[in-house]
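First comes the structure, then the notes that go with it.
In our numbering, the protein residues as written are 405 to 862.
Shown next, in the form of structure tokens:
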């Protein structure tokens, strides 16, 4: 079955057209979508997705990802083949849980700043919390990835902060407009000059931070800060010390690729996820009460920060986050190249085909999630998850190329949401229909997330 999608539609209509196509064709074994002149094989059934993601041959990202190369180079998100395998092997130890717990301090501190920013809205009119959460996530990823404080929550108008936002938008617009894909057309008639300007700023910032941290590491001063206290470890510090199987260090160019990738992947996704979760929690008072009862059980009247053991005990909050990611996956669709002839659902799919995997549609399969539009965190209790198809729920992708940072993301979301809900009662001020999700690189609501806050009694 073939579906034609008009890429000239506005962002919300473009995504909705794709989702409507999946809903109408859910009974079909395979669907082909034309985006302008480009055909894509669309996969939104657990069985067809498993055929691609479980096969180590189909690890390459498809054509539209090349527009990320100028910013991210050939890092973990964009690289292919042996380079990806080698890089993934080198980076996996840096995401071990014991290392991630070092970042809890940063997450807690930035969450407290978020609370102070939100306090002015207590008892007031509805406000859009999207930028508040996003700036908090940006502060967290900058300090944990690079060891650099950018004070985004205090200085949202800084050139670097604005450029991070602008760059993602520029890339998204180009990805969904095939007429801008040829470089010469884009550079002459499109946003090529603006793209180059923003790219220079982002790269100069990253290069400067890498140079500064490398000097500290070479001087052996990475154990203390300028004030004599223990210096916090950042991903960058670990990359500077990482060695491959032959004992070779990563070049500064290699490190820049990964730091830029962490920045790109590590703030927008978690920020969007936390915003969607706040909307859903604020729309379901009974769920909010259960979360806050769990928080009371874990923290009591204490004002202490979230600790490692607390994370393990926040089981219902984890179910809430997982259910939120089911309904609103941060990455609503992603693409792979079929690297050799592949049997999918009884059809032979030839090498070279671009396949689009749509978690947004997959997560609404009523076979695995009855009444899929209903928000039911209990779906993810252990007793309700037994026997579910392993590829029915993939908010962090799946298979060998799953998201390396998913533990980091879950930890951050737990800390930030727990902190917000320990301080405030949240009321959502939009219906589900008013949200109009924009399915771009990241799933965002068209007009933000509007909430009201009341202060919780101490």
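Glycine residues also receive a C-beta, built at the ideal position from the N, C-alpha and C atoms.
{"Query": "In chain order, which alpha helix (DSSP H) runs of at least 4 residues are fully inside the region 709-793?", "Result": "712-717, 719-731, 763-766 and 786-789"}
{"Query": "Are the CB atoms of residue 916 and residue 670 nearer to each other than 8 Å?", "Result": "This structure leaves residue 916 out entirely; the chain is present only between 405 and 862."}
{"Query": "What is the DSSP secondary structure of residue 842, reduced to helix, strand or coil?", "Result": "strand"}
{"Query": "Answer yes if the region 570-587 comes into contact with the region 685-700, meaning at least three C-beta pairs across the two stretches below 8 Å, and no otherwise.", "Result": "no"}
{"Query": "Quick check: what's the CA-CA separation for residue 861 versus residue 731?", "Result": "31 Å"}
{"Query": "Determine the DSSP secondary structure at residue 515, reduced to helix, strand or coil.", "Result": "helix"}
{"Query": "Relative to the C-alpha of residue 759, which candidate in 437, 444, 429 and 428 has its C-alpha closest?", "Result": "444"}
{"Query": "In its own chain, which residues sit with a C-beta less than 7 Å from the C-beta of residue 770, not counting the 5 before and 5 after it?", "Result": "776"}
{"Query": "Please report the Cβ distance between residue 530 and residue 855, rounded to the nearest whole angstrom; I am assuming they are in contact, meaning their Cβ atoms lie under 8 Å.", "Result": "7 Å"}
{"Query": "Can you list, in chain order, the residues of its chain whose CB lies under 6 Å from that of residue 457, leaving out five sequence neighbours each side?", "Result": "802 and 803"}
{"Query": "Measure the alpha-carbon distance for residue 626 versus residue 620 and round it to whole angstroms.", "Result": "Unreliable placement is indicated for residue 626, whose pLDDT of 48 sits below 50; the coordinate value is still reported in the next sentence. The straight-line gap from Cα to Cα measures roughly 6 Å."}
{"Query": "Run through the region 495-574 for me and flag every whole alpha helix (DSSP H) of 4 or more residues, listed as ranges in chain order.", "Result": "501-504, 508-522 and 534-550"}
{"Query": "Can you name, in chain order, every residue of its own chain whose Cβ lies under 7 Å from the Cβ of residue 858, other than the five neighbours on each side?", "Result": "526, 527, 828 and 829"}
{"Query": "For residue 856, name the three-state secondary structure that DSSP assigns.", "Result": "strand"}
{"Query": "Quick check: what's the CA-CA separation for residue 562 versus residue 668?", "Result": "17 Å"}
{"Query": "With a cut-off of 8 Å, do at least 3 Cβ pairs link the region 424-435 to the region 735-745?", "Result": "no"}
{"Query": "In the structure shown, what three-state DSSP assignment does residue 483 receive?", "Result": "coil"}
{"Query": "Buried or exposed for residue 835, going by 16 or more other Cβ atoms inside 10 Å?", "Result": "exposed"}
{"Query": "Measure the C-alpha to C-alpha separation of residue 507 and residue 501 and round it to an integer number of angstroms.", "Result": "10 Å"}
{"Query": "Ends of the alpha helix (DSSP H) at residue 680?", "Result": "656-687"}
{"Query": "So, for residue 617: in the same chain, excluding its five sequence neighbours on each side, which residues have a beta-carbon less than 7 Å away from its beta-carbon?", "Result": "551, 640, 641 and 644"}
{"Query": "Hey, could you find the ends of the alpha helix (DSSP H) residue 811 is sitting in?", "Result": "810-827"}
{"Query": "What are the boundary residues of the alpha helix (DSSP H) that includes residue 645?", "Result": "639-645"}
{"Query": "Quick check: what's the CA-CA separation for residue 535 versus residue 839?", "Result": "16 Å"}
{"Query": "Which residues does DSSP list as the beta-bridge partners of residue 847?", "Result": "843"}
{"Query": "By DSSP, does residue 652 sit in helix, in strand, or in coil?", "Result": "coil"}
{"Query": "Counting beta carbon pairs with one atom in the region 701-718 and one in the region 505-522, are three or more of them shorter than 8 Å?", "Result": "yes"}
{"Query": "Pick out whichever of 727, 718 and 688 has its Cα sitting closest to the Cα of residue 702.", "Result": "718"}
{"Query": "Rounded to a whole number of angstroms, what is the C-alpha to C-alpha distance between residue 537 and residue 750?", "Result": "45 Å"}
{"Query": "In this structure, how does DSSP classify residue 465 when only helix, strand and coil are distinguished?", "Result": "strand"}
{"Query": "Can you tell which of 439, 441 and 434 has its C-alpha closest to the C-alpha of residue 455?", "Result": "434"}
{"Query": "Starting from residue 447 and walking both ways along the alpha helix (DSSP H), at which residues does that stretch end?", "Result": "Segment 442-447 is the beta strand (DSSP E) holding residue 447; no alpha helix (DSSP H) there."}
{"Query": "Starting from residue 438, trace the beta strand (DSSP E) both ways and give me its first and last residue.", "Result": "435-439"}
{"Query": "On the three-state DSSP scale, how would you describe residue 586?", "Result": "coil"}
{"Query": "Using the Cβ count rule (16 or more neighbours within 10 Å means buried), how would you classify residue 601?", "Result": "exposed"}
{"Query": "Between which residues of its own chain and residue 484 is the CB-CB distance below 6 Å, once the five residues before and five after are set aside?", "Result": "464"}
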